[in-house]
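Undergrad:
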Amino acid sequence: MDFAIDNIIIPLIKIGIVFGVLSGVVALMTLAERKVAAFIQVRLGPMRVGPHGILQPLADGVKLMLKEDILPAKADKWIFTLAPIIALVPAFIVFAVIPFGPSLELFGKTIPLRITDLNIGLLYVLSISSVGILGIILGGWASNSKYPLMGALRSAAQMVSYEVALGFSIMGVLMIAGSLSLVDIVNKQKEFGWWFVFLQPLGFILFFVCGIAETNRAPFDLPEAESELVAGFHTEYSGFRFSLYFLAEYANMIAVSAMAVTLFFGGWLRPFANYPLPGFLAFLDAPLMGLVWFGIKVAIFLYCYLWFRWTWPRYRYDQLMKIGWQWLLPLALANLVVTAGIVLLFIRKG
Amino acid sequence: MAQAETLFDASELTVSMGPQHPSTHGVLQVKLKLDGERVLDAECVIGYLHRGVEKLGEVQTYGQFVPTLDRMDYIAAVSNCLGYCETIEKLLGVTAPPRAQYIRLIMTELNRITSHLLWLGTHAIDLGAITTFLYCFREREEILKIFENYCGARLTTHMFRIGGTQYELYEGFQDQVRKFIQDFPKKVDEYETLLTENRIWLDRTKDVGIISGKDAIDMGLTGPSLRGSGVQWDLRKAKPYCIYSEFDFDIPVGEVGDTYDRYLVRMEEMRQSARIVSQAIDKIPDGPIMAKMSKIIKPPVGDIYHSIESPKGELGYYIVSDGSTAAYRARVRPPSYVNLQSLKKMVVGHMVADVVAVIGTLDIVLGEIDR
Amino acid sequence: MKVKRRDLSLLKRLFLVDLIRGLKLTFGYQRPSANYTEQYPKERPKIAERFRGAPRLNNDPVTGETLCIACNLCALACPEHCIEVGWERDPAGKKALTTYTFDVSRCMFCGLCEDACPTPCLELTQEFEMSLYGRRDMKLDRKTLEEGVQPVIYLK
């Protein structure tokens, strides 16, 4: 009975909570994008559905689900339906290894606020996010049309190129923390007293830039830009399948933000975690507050995603690829070499 | 298997950037021959918006033709009006009174700002900077409010009549215009903050769509596109019409002739227009707003060509009169039509994504091209 | 005057100065006081007095008779020939208006008819919400023109 509760029921509850919260946040992101865009553009955004447009995601969801189910002629039906799912699922299962908070004492049990702690957590995240690219290629292929295929290939080439630089940029963190487990990385940041962003500023910038390019967001969103000749891999998608791609994009954004927060900004740690707080502020150290701190940091990153999209123009495809290979990869390698030297000399002491 | 034509053969691919496209400003079809991403050839197919404006010029009387001309270049409707009214006045040998001339000048320069703001907004949104579009339209809204207060319409204004203007200035006109001109340079600075030194913008617009000064003159390019290539030619200074010779303003000129230069030229032109309006608004003389002439316009037999500097280039009118109340031939020289011919020269050798930038930088209006 | 081409110096490139300036500007615009939206149809826009909207025939406020003298100048002035004026001569020889049709579907709201009218009878009002269900309804007759196009009041 104890075994069942510890290993089946509690993880199931945690998975349910994480999945539910994640879906809710993804739906909220669709509204947040429109509202933030509107405020930056001196207008108001959705205002009619619900007070100040709060119920807009509901209306959008209902609309997309009730739309006619269009399948292009001679398109591969099964792959056409499977592709958005392949794009969506990896974004959700990345959250299996991310620590949301410290351990919680409940009914005599110590429940760590994470789904699981893989000792190869970072490797797991990188490999799972690569699977998402498959969803895009399959979507373009299954549409049985020239332009979606070309758009899908461009998109996939962009994502693969930036994956390389992404991987290199987080190796500095790996070296300093000495472990692939995300839980260990957060705990090391608490031990050091400094968030890793202060020790690896270049690594953080490279990670975030590569993350933006990975999720096909501005300024790297040419493959899916509206004013482009090729409308991208999701041209032939409409209705519910399109909404799956749409959600996959937002889920990927949240996954990248969560990773950036965990790796560089201390995960669930509060600012100045090693300094004790006066009595009346002690609640800020509570285990459940870890969730709140994590949420705040991820929200700031998501806001930055939206902010960047609506401010800057977009790069042309060849300029995009040039930046990925000519600038980001060498910088990541240089960062790696310098960090390795410093770690060897000062942290590991020979 | 013989040399099968697969999707990825290095042969040419003809693609139609069709009439319905978010970035061709209007219904323009550009047939592109592509080799991978490089453009080998570009052919424009126009005529989707042809409405027979020049034929209407032969049927409607001179006075009735003026509102039809608003619909030609619907963004710079005031310039169309001004050009035509000045042409007929020249044919008749009539001059508009000074007060009317001042009103015409102020409205035309405000319209130049309007047109360039729309150009900036659409050009930026094509290249991905979506917010600039909204900011430009906010400024444009202020000017359109001035137009609405003055003549009753925002876009197709029909402000001037042959011989002067119809509407007297309204109460509060000078304050409203002065307030706008005061705020405007700060707003242009904002657009420049967002775009001019932005590395992404520089990468997208520098060395894209280069045309040399000599080629530009050979193709008949006029307007800011010509001045971007280094040729100092502006009809307001070269052949002054209206009362431009009384005001102090500069003509910005580029050096390289790429998209970035044309962008800088138009940004500076907006500032210079604001400068002209701020000089003119204080000096409006009193007097009549309509010249003394008969109500029925019957010009003497003859022909005349007169052109003005519209925001898009040299807008010319060639009117042939046979002595009756309607023209025998009313021919319009649309600047966008002539400017569009240089699209092929600018685009060949660049990537597909640059075609969008070049169409944006030429500042074409299909209403003018197709008439 | 020559335009100034800008180029980014190495230091500016390194520290992303240009990108951050753009971000600062857009961040600053997110205050509610900068909002420029009019929530139509909840908030009615302010229309200028001289706005050229739907046409209307005015009656004499005292006698209630039409001010139109059936001079036909508006029909002659219209570039699109949307106006048709019908009159008859009364025993004194004066013209009296019988029918007046105005085809709003062809009208381009240029205002030439309003300028041509010698009396304050024909005027272009500030109504712009003129949606109708068919082209036949667009030929407004004298009665509709004298009543004027009614504004639609939105409750929400």
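Residue numbers (our numbering), protein chains in the order written: chain F, 211 to 560; chain C, 10 to 380; chain L, 946 to 1101. We put the beta carbon where it would ideally sit given N, CA and C, even for glycine. Remember, predicted model here, so these are calculated numbers, not experimental data.
#1: Show which residues of chain B have a CB atom less than 7 angstroms away from the CB atom of residue 167 of chain C.
#2: Go to residue 325 of chain C, then tell me how far its beta strand (DSSP E) extends in each direction, as first and last residue.
#3: Using a Cβ-Cβ cut-off of 9 angstroms, state whether residue 1038 of chain L counts as contacting chain C.
#4: Indicate the three-state DSSP secondary structure (helix, strand or coil) for residue 250 of chain C in the structure shown.
#5: Closest Cβ-Cβ distance between residue 307 of chain F and chain L: below 9 angstroms?
#6: When Cβ atoms are compared, which residues of the stretch 980-1002 of chain L fall closer than 7 angstroms to chain F?
#7: List, in chain order, every chain L residue whose beta-carbon is nearer than 9 angstroms to that of residue 270 of chain C.
#8: Determine the chain F residues that contact residue 209 of chain C at a beta-carbon separation under 8 angstroms, and present them in chain order.
#9: For residue 527 of chain F versus residue 105 of chain C, is the C-beta spacing smaller than 9 angstroms?
#10: Against chain C, with Cβ distances strictly below 9 angstroms, would residue 437 of chain F count as a contact?
#11: Please tell me whether residue 137 of chain C has its Cβ less than 9 angstroms away from any Cβ of chain F.
#12: Taking Cβ to Cβ, would you say residue 259 of chain C is nearer than 9 angstroms to residue 281 of chain C?
#13: Would you identify the three-state DSSP class for residue 381 of chain F, choosing helix, strand or coil?
#14: Consider the Cβ of residue 250 of chain F: report whether some Cβ of chain C lies at a distance smaller than 9 angstroms.
#15: Give me the residue from F:474, F:447, F:360 with the minimum Cα distance to residue 564 of chain F.
#16: Give a yes or no on whether the minimum CB-CB distance between residue 153 of chain C and chain F is below 9 angstroms.
#17: With distances taken between CB atoms, is the gap from residue 328 of chain F to residue 391 of chain F smaller than 9 angstroms?
#18: Using a Cβ-Cβ cut-off of 8 angstroms (strictly less than) and excluding sequence neighbours within five positions of residue 227 of chain F, which residues of its own chain qualify?
#19: Do you know offhand how far residue 126 of chain C's Cα is from residue 955 of chain L's?
#20: What is the residue span of the beta strand (DSSP E) that residue 461 of chain C lies within?
#21: Please confirm if residue 1079 of chain L has its CB atom under 9 angstroms from at least one CB of chain F.
#22: Restricting to runs no shorter than 4 residues, where is the alpha helix (DSSP H) found entirely within the stretch 201-263 of chain C?
#23: Give a yes or no on whether the minimum CB-CB distance between residue 971 of chain L and chain C is below 9 angstroms.
#24: Per DSSP, which one or two residues make a beta bridge with residue 38 of chain C?
#25: Could you tell me if residue 581 of chain F is buried or exposed, where buried requires 16 or more neighbouring beta carbons within 10 angstroms of its beta carbon?
#26: Relative to the C-alpha of residue 376 of chain C, which residue among C:341, C:356, C:121, C:119 is closest?
#27: Between the C-alpha atoms of residue 24 of chain C and residue 301 of chain C, what's the straight-line distance to the nearest angstrom?
#28: Quick check on the DSSP output: what are the complete beta strand (DSSP E) runs of length 3 or more inside the stretch 1022-1091 of chain L, in order along the chain?
#29: Taking 9 angstroms as the cut-off, decide whether the C-beta atoms of residue 137 of chain C and residue 367 of chain F are in contact.
#30: Unbroken beta strand (DSSP E) runs of length 3 or more, entirely within the stretch 967-1010 of chain L: which are they?
#31: Determine the direct distance from the alpha carbon of residue 988 of chain L to that of residue 544 of chain F, and round the result to whole angstroms.
#32: At a CB-CB cut-off below 8 angstroms, which residues of chain C make contact with residue 528 of chain F?
#33: Quick check: the Cα distance between residue 122 of chain C and residue 1040 of chain L, rounded to an integer number of angstroms?
#34: Residue 169 of chain C by DSSP, collapsed to three states: which one?
#35: Any idea which residues DSSP pairs residue 342 of chain C with across the strands?
#36: Considering only DSSP beta bridges, list what residue 316 of chain F is partnered with.
TA: Judging by the given coordinates:
#1: Of the protein chains in the structure, F, C and L, none is chain B.
#2: Counted as a single uninterrupted DSSP element, the beta strand (DSSP E) harbouring residue 325 of chain C occupies residues 322-330.
#3: no
#4: coil
#5: Residue 307 of chain F does not count as touching chain L.
#6: 980, 981, 982, 984
#7: 948, 950
#8: Scanning chain F for C-beta atoms nearer than 8 angstroms to the C-beta of residue 209 of chain C yields 429, 522, 523, 524, 525, reported in chain order.
#9: Not in contact: residue 527 of chain F and residue 105 of chain C (Cβ atoms no closer than 9 angstroms).
#10: Summary for residue 437 of chain F: the model assigns pLDDT 48, below 50, so the residue's position carries little reliability, and this model does not support an answer.
#11: Yes, residue 137 of chain C lies at the interface with chain F (some Cβ there is under 9 angstroms from its Cβ).
#12: yes
#13: helix
#14: yes
#15: As displayed, chain F neither begins before 211 nor continues past 560, which places residue 564 of chain F out of reach and without an answer.
#16: no
#17: yes
#18: Here the set comprises nothing.
#19: 32 angstroms
#20: Absent from the structure is residue 461 of chain C, since the part of chain C shown begins at 10 and ends at 380.
#21: With 9 angstroms as the cut-off, residue 1079 of chain L does not count as an interface residue toward chain F.
#22: 208-214, 222-228, 233-237, 244-247
#23: yes
#24: C:54
#25: This structure does not reach residue 581 of chain F, given that chain F is present from 211 up to 560, and the question cannot be answered.
#26: C:341
#27: 57 angstroms
#28: 1028-1034, 1040-1048, 1067-1069
#29: no
#30: 1000-1002
#31: 58 angstroms
#32: 46, 360
#33: 49 angstroms
#34: strand
#35: C:325
#36: F:319
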